[in-house]
Ligand code: G4P
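Numbering (our numbering), first residue to last: -6 to 276.
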């Protein structure tokens, strides 16, 4: 495995995140709605501490709608506020901003009581690579556009983007590392594209994906690829899909790697259907 998160790097990242955390009033913790547990950082509670936090189930457009609701219920039971969002299409952002106001009410009142001039509520985004941090920053800032950085004394690392009335977002998100020592977590991250090519070759990855989908969403495979899956191995199913799609090598054999890449790509783009790979009942 090619893991970039060696301990020295983790320590530095943690320190810089903690420094930035001290500047903000609330944290938006992004996870992938298809794999809400695998896509979170295992030390997140320790890193965030007592700071108010909202769990953002991003890419909810790609996830199973019923499971989205189940996951929200799960986090509600754990007293973690959550919002379903789709950062690409700016869905869920109004609810997110309303919740931000609600969760920071006490803080705002305290500031006023202390006689501190009304200052904006400051937010930072945290999440593992590819979970949608930059997309969310763009979606949030497009609404009200103006950057409030670029002033003397405001370093580039600390630019604040005005996102609404009195909400400001730190334009540098905190990048956390996923934990992929557990095989299932590693696979979930690879299927969804959070990590690419780090753990497995594409052929094996696709076999594992089809195996998983056969258990969780057999109807999706049947309806997308029009193949019979009962009694067949994932390998045979992929070969059949390859034949149907005409991904054939010059010798007449199915080009297994090509059809595998196509299947993985279609899965990541949501073309096989809305799929959630982790269920609250597993935790
Ligand atoms: P990051 O800053 O956390 O690393 O993630 P980034 O915003 O770059 O997003 C990673 C990929 O996820 C992008 O795809 C982005 O469009 C997609 N994405 C982010 N939020 C959502 C969402 O809510 N729904 C959907 N469907 N996609 C989302 P990309 O540019 O195609 O990147 P890649 O897949 O080629 O790496």
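Just so you know, even glycine gets a beta-carbon here, dropped at the ideal spot from N, CA and C.
Asked                                                                                                                                                                                                : Found
Within 10 Å of its beta-carbon, does residue 112 have 16 or more other beta-carbons around it, so buried, or fewer, so exposed?                                                                      : exposed
To which residues of the same chain is residue 198 closer than 6 angstroms at the C-beta, ignoring the five residues directly before and after it?                                                   : 183
Please write down, chain order preserved, every residue whose beta carbon lies under 6 angstroms from a heavy atom of ligand 1.                                                                      : 51, 52, 54, 55, 79, 80, 81, 120, 122, 123, 124, 125, 126, 127, 128, 186
From 84, 35, 70, pick the residue whose C-alpha is nearest to that of residue 129; which is it?                                                                                                      : 84
Does the separation of the CB atoms of residue 31 and residue 166 fall below 8 angstroms?                                                                                                            : no
Residue ranges of each alpha helix (DSSP H) run of no fewer than 4 residues wholly in the stretch 176 to 253, ordered along the chain?                                                               : 176 to 185, 195 to 209, 211 to 218, 227 to 238
To the nearest angstrom, report how far apart residue 256 and residue 58 are at their CA atoms.                                                                                                      : 22 angstroms
Could you pull out every residue in the same chain whose Cβ sits closer than 6 angstroms to the Cβ of residue 178, ignoring the five residues on either side in sequence?                            : 31
Is the stretch 52 to 69 touching the stretch 199 to 207, taking contact as three or more C-beta pairs under 8 angstroms?                                                                             : no
Would you list the one or two residues that DSSP bridges to residue 22?                                                                                                                              : 48, 119
Go ahead and pull the three-state DSSP assignment for residue 167.                                                                                                                                   : strand
Could you tell me the boundaries of the alpha helix (DSSP H) in which residue 278 lies?                                                                                                              : Past the edges of the chain, shown from -6 to 276, lies residue 278, and the structure says nothing about it.
Provide the residue span of the beta strand (DSSP E) that contains residue 77, from first to last.                                                                                                   : 75 to 77
So, with DSSP's three-state summary, where would you put residue 70?                                                                                                                                 : helix
Ignore the nearest five residues each way along the sequence and tell me which others in residue 204's own chain have a CB closer than 7 angstroms to its CB.                                        : 227
Could you tell me whether the Cβ atoms of residue 188 and residue 27 are closer together than 8 angstroms?                                                                                           : no
Go ahead and label residue 102 buried or exposed: buried means 16 or more other beta carbons lie within 10 angstroms of its beta carbon, across all protein chains shown.                            : exposed
Spell out a yes or no on whether the stretch 229 to 241 and the stretch 151 to 166 are touching, meaning 3 or more CB-CB pairs, one atom from each, closer than 8 angstroms.                         : no
Give every residue of the same chain whose Cβ lies closer than 6 angstroms to the Cβ of residue 251, excluding the five residues on either side of it in the sequence, and list them in chain order. : 240
Pick from 34, 212, 244: whose alpha carbon is nearest that of residue 23?                                                                                                                            : 34
Going by beta carbon distance, what residues of the same chain come within less than 7 angstroms of residue 5, once the five residues before and after it are set aside?                             : none
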